[in-house]
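Residue numbers (our numbering): 81 to 791. Cβ coordinates follow ideal geometry from the N, Cα and C atoms, glycine included. Keep in mind the model is a prediction, meaning the values are calculated, not measured.
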Ligand code: C2E
Ligand code: MG
Ligand code: MG
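So this is what it looks like as structure tokens:
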């Protein structure tokens, strides 16, 4: 601290003796201080209201109030406790000095005053005050920092094991003031939870005796009973000679941090909706459980369970309610597992794991299941719990589930392959009509590899131009005139001959090849149409079937426009056939897409109408041009009955919405006549023409009528 730091400090001289005041004033002003005067206690206290002083020189003997009393009063002022007060005692006896200190004086100077010494004494007092002030500030800063960091510091010193700790450490432990007064290393250790105490004690002793530093995370019980997690770091303190004189440490409450980390890791491992382990975490748990099962030579079962047609539930009740359904199902499955477990033959039952491994797929690993029969019975129980009625908004929903079961170690000895087996078994259960369970068997493995081979075969077929497009005429049944045609894809297989689309469209969709397939069909159709037109033939609009991925593809509108332009055609040459399931997927987006396609000039036809789940009332929301009555209703419509009624209402509906209605699969003259009678004149079916190769179809284009009697 330098002299300039105290220069300019504001001093107050309180003395009833005017001569004393002026002498002191002159001396101290000369030394560079700013000096105020007061002739007694009352004036001094009044001045304190106006100005802040850095130091007070106070006479003891004054008529109005004695110096002790004034000192006492100053100390009670808001800032008064830190100001150095030097008493001017005329009486150099121990009693008055004692009284001065009792009243709160910092120092005293005996009269008569040595004026040269006075300046030094004042400077010294000011510097000491500044030093104390700055120490207090840095202590405050340290306390603040510790409070922010939820951290306290402590020190165990020397041979007598004395313990000092920061107020923050007390706060951390929720310790009452009286306890802190007699805090000891032992009292601190007593707060450590039983499980951690021995370790903390050992580490601390090693630090005290041998100067071994440590870092440790452990739990403590606060005075209010709360258990917190703390992290402690301790280091030896050495003197200049290198001797250890103390151990100092910091203890930080990291409970919130630990909780946050736990929450984050929970989110990464568990499904947020159902609270069950997610797919990744299930994999890890299953691997561990199987590892133990291996050493205990247990038989385990891995069950994959799918909620059937869950997508329709989603479409029908909305995602939020559908999520509620999943939560209920997860609860039911959990309860079933709990119910099943005690009946197990083995004792490892509690290790079974239930997880949500897909949007509507659950997986259950059962440890020590015994035999195949037992696994089947358990699965039946799970499927039953899925199919119990559910209440949604006052109405009842009944769902079913399909399940695939793989057995360990019979089907596979490793976690990954076992999951693959269960998935394949599930796939089999679903493709065989759902609402059932299937065990994995080797045949499925074979099936899967055949499927894989088929996928790559199809990929080659698309690239090598083995796909063919056949055309089936759409006619006005009254005259037999062709009014349109439908493009139907076939696969000219090098060994198997002409393969129908039913055998490969689903495969193309599942293996991500449908976009390439659609592009190939569209390209062929456009080039055929252009060729016929260039040859001078009258062409008709051709319908192309679009699978869901093609219809929703962002590239579709541009792709279609580009294709018709390249072949010099108009968009009116193409009709896009979509199915109800495509329309129901995401109604708002679908409507935007349909409007976009129609604005570009393409027509849209709704294929296989009547077979889907959509309610007829939805129909008016979709901007479409044509409705195709599915063959199932056309075949028997002429007999009346239920099919006849459905066909009649579809026709009426189409008329109401101004749509062209086409009857599909018309095979006999009776069927054709009946449909015409009901008002459905546009027809497609073997009666008029089967789907035929392009060249053959070109010849049909020239025929005025496709009716047998006219032919
Ligand atoms: P779809 O679009 O409903 O096509 C009509 C199906 O009914 C065709 O079967 C056709 O041959 C058949 N059919 C027509 N008239 C009669 C009849 O009088 N009696 C009977 N029994 N059947 C008749 P195909 O060609 O086997 O096609 C089956 C389905 O494959 C099509 O049903 C369509 O959904 C799909 N498909 C065909 N080509 C394509 C394509 O290029 N892309 C896509 N995504 N799907 C296609
Ligand atoms: Mg079609
Ligand atoms: Mg159809």
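Rounded to whole angstroms, the Cβ separation of residue 547 and residue 597 is 7 Å, and the two are in contact under 8 Å. With 16 or more neighbouring CB atoms inside 10 Å of its own CB, residue 164 falls in the buried class.
In this structure, residue 598 has its beta carbon less than 7 Å from a heavy atom of ligand 1. The beta carbon of residue 122 lies closer than 8 Å to those of 144 and 145 in the same chain, with the five residues before and after it left out. One thing to note: residue 319 has its Cβ within 8 Å of the Cβ of residue 325. By the criterion of a C-beta distance shorter than 6 Å, residue 209 is surrounded in its chain by 164, once the five residues flanking it on both sides are discounted. Residue 734 carries a helical assignment under DSSP once its states are collapsed to helix, strand and coil.
The three-state reading of DSSP puts residue 374 in helix, counting H, G and I together. Taking every protein chain shown into account, the CB of residue 744 has 16 or more other CB atoms within 10 angstroms, so this residue is buried. In the DSSP annotation of this structure, the continuous segment of the beta strand (DSSP E) that includes residue 139 starts and ends at 135 to 139. When C-beta atoms of the stretch 131 to 150 are compared with those of the stretch 175 to 187, three or more pairs fall below 8 Å, so the two segments count as touching. Between the alpha carbons of residue 294 and residue 247 lies a distance of about 23 Å. Scanning 475, 419, 101 and 484 for the CA closest to the CA of residue 442 turns up 484. Between residue 232 and residue 302, the CB-CB gap reaches or exceeds 8 Å. Taking a contact as a CB-CB distance under 8 Å, the pair residue 708 and residue 723 does not count as one, their CB atoms being some 15 Å apart. In the structure shown, residue 769 falls within a coil segment according to DSSP collapsed to helix, strand and coil.
Shown here, residue 275 sits in a helix according to DSSP, grouped into three states. Under the DSSP definition of a beta bridge, residue 391 lacks any partner. Beta-bridge annotation (DSSP): residue 662 is not paired with any residue.
DSSP places residue 191 in the coil class of the three-state scheme, outside both helix and strand.
Using a Cβ distance threshold of 8 Å, residue 140 and residue 100 do not count as a contacting pair. Each residue's CA atom was taken as its position, placing residue 626 and residue 369 some 46 Å apart. Taken through DSSP and simplified to helix, strand or coil, residue 340 comes out as helix. In chain order, the residues positioned with their C-beta nearer than 5 Å to some heavy atom of ligand 2 are 625, 657 and 687.
Distances from the CA of residue 572 to each of 549, 559 and 590 were compared; the closest alpha carbon is that of 549.
For residue 708, the pairing in a beta bridge is given by DSSP as 742.
Residues of the same chain with a CB within less than 7 Å of the CB of residue 358, apart from the 5 flanking positions on each side, are 349, 350, 351, 435 and 436 in chain order.
For the options 558, 354 and 737, the alpha carbon positioned closest to that of residue 701 is the one of 737. Inclusion of residue 740 and residue 705 in the CB contact set at 8 Å is warranted, their separation being smaller than that value. In this structure the stretch 749 to 756 does not touch the stretch 536 to 547; the number of beta carbon pairs closer than 8 Å is below three.
Positions of the beta strand (DSSP E) runs, each at least 3 residues long and wholly inside the stretch 542 to 628, are given as 547 to 556, 561 to 573, 577 to 579 and 622 to 625 in order along the chain.
Around the beta carbon of residue 524, 16 or more other beta carbons sit within 10 angstroms, so the residue counts as buried. Placement of the Cβ of residue 771 at a distance of less than 7 Å from at least one heavy atom of ligand 1 is found. With fewer than 16 other beta carbons inside 10 angstroms of its own, residue 238 counts as exposed.
The residue among 444, 578, 393 and 472 with its C-alpha nearest the C-alpha of residue 498 is 444. Contact between the stretch 377 to 397 and the stretch 444 to 459 is present: 3 or more CB-CB pairs across the two stretches fall below 8 Å.
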